[in-house]
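So the structure is just underneath, and the comments pick up after that.
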Amino acid sequence: MFVLTDQNSIANHYLEGLRDISQQSDRLKFRRNMERLGEILAYELSKSLEYNTHTITTPLADTPSNRLKASPVIIAILRAAIPFYNGVLNYFDQADSGFIGAFRKEETPGSEVEIDFSYLAAPKIEGKEIILVDPMLATGKSLVTSVQQLLKNGTPKNIHIAAAIAAPEGLEYLKSHLGIPYQLWLGAVDEKLNEKAYIVPGLGDAGDLSFGPKR
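According to the UniProt record's numbering, the stretch in the sequence shown is residues 1 to 215, in order.
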């Protein structure tokens, strides 16, 4: 598990901008900070992928260069993941993309969160590096549901899960219920979930802060 805040970096500045209630009314800034965090995590994740060495020609000489062996497939959980996904896509700009509609049913009590799965549009993932992006890893249930549906499209080489903020309860749920190997790339791990299954201290509802309240 990689966690950005395990050491100080410019990522702390962007996380502060996402969390600080005095800055959250600026939707453009919120989306941009989420996008930047996605870019930083994509860079860190890129270090774990496979590369091939080949020769290129500069104006002065031939020289060896390392090139990504294969572009990953990036899967975004709608709608909250869109800015975060854009950041990851900025770095893996030739990647195929997929989109999943999976969200919690708001009327259910926090301890009994139910997930409504409504949509899946994804390319072939057999043998591919998959990056599943969701900014808030709270209960972990939407991620588990998403992976279960995604595996109907094939068996990937590796699954990378990227989130801006995670709760310990969600991390434990993934460990207990996912049932396949995966790697975590996180901006921060927070204290806990509250009674409504929101991450504390967290940042609130990432989807609403990016795009406005939904019915």
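Backbone N, C-alpha and C fix where the C-beta goes; we use that ideal spot for every residue, glycine too.
Just the Cα atoms here: how many angstroms apart are residue i and residue j?
i           : j    : result
S111        : I161 : With a pLDDT of 49 at S111, under the threshold of 50, the modelled position of that residue is not reliable, and the figure given next carries that caveat. Rounded to whole angstroms, S111 to I161 spans 23 Å at the Cα level.
E169        : A197 : 10 Å
I21         : D96  : 35 Å
residue 245 : Y85  : What is shown of the chain runs 1 to 215, which leaves residue 245 out entirely.
L203        : V133 : 17 Å
T155        : I180 : 10 Å
F211        : R27  : 7 Å
T139        : Q148 : 16 Å
L209        : L41  : 21 Å
Q94         : P135 : 22 Å
L18         : A122 : 29 Å
L15         : M1   : 18 Å
I199        : L174 : 16 Å
L68         : L137 : 28 Å
N194        : K157 : 35 Å
T53         : P64  : 6 Å
Q183        : I74  : 14 Å
G101        : S118 : 5 Å
Thinking C-beta only, is residue j closer than 8 Å to residue i?
i    : j    : result
V144 : L178 : yes
D77  : S9   : It is worth fixing the name first, because residue 77 is Ile in this sequence and not Asp. For I77 and S9, no; Cβs fall outside 8 Å.
L49  : E129 : yes
P72  : I131 : yes
A206 : A70  : no
A188 : V3   : yes
E35  : G87  : yes
N66  : Y51  : yes
Per DSSP, residue i forms a beta bridge with which residues?
i           : result
N153        : None; N153 has no bridge partner.
residue 283 : Given that the chain is displayed from residue 1 to residue 215, the structure contains no residue 283 and the question cannot be resolved.
G98         : I75
D62         : T57
R215        : Partner(s): none; R215 has no beta bridge.
K192        : V200
A121        : F99
L137        : A166
L143        : Paired residue(s): none; L143 is not in a bridge.
L68         : Y51
Counting along the chain, where does the beta strand (DSSP E) carrying residue i start and finish?
i   : result
Y51 : 51-57
At what residues does the alpha helix (DSSP H) containing residue i begin and finish?
i    : result
N90  : 82-91
G170 : 168-177
N33  : 27-46
L15  : 11-19
For residue i, is the beta carbon positioned less than 7 Å from some heavy atom of the ligand MG?
i    : result
S118 : By its list of ligands, the structure shown contains no ligand whatsoever, and the ligand MG lies outside what it can speak to.
* Give a yes or no on contact between the segment 9-28 and the segment 53-67, applying the rule of three or more CB pairs nearer than 8 Å. => Taking a contact to require three or more Cβ pairs closer than 8 Å, the segment 9-28 and the segment 53-67 do not qualify as touching.
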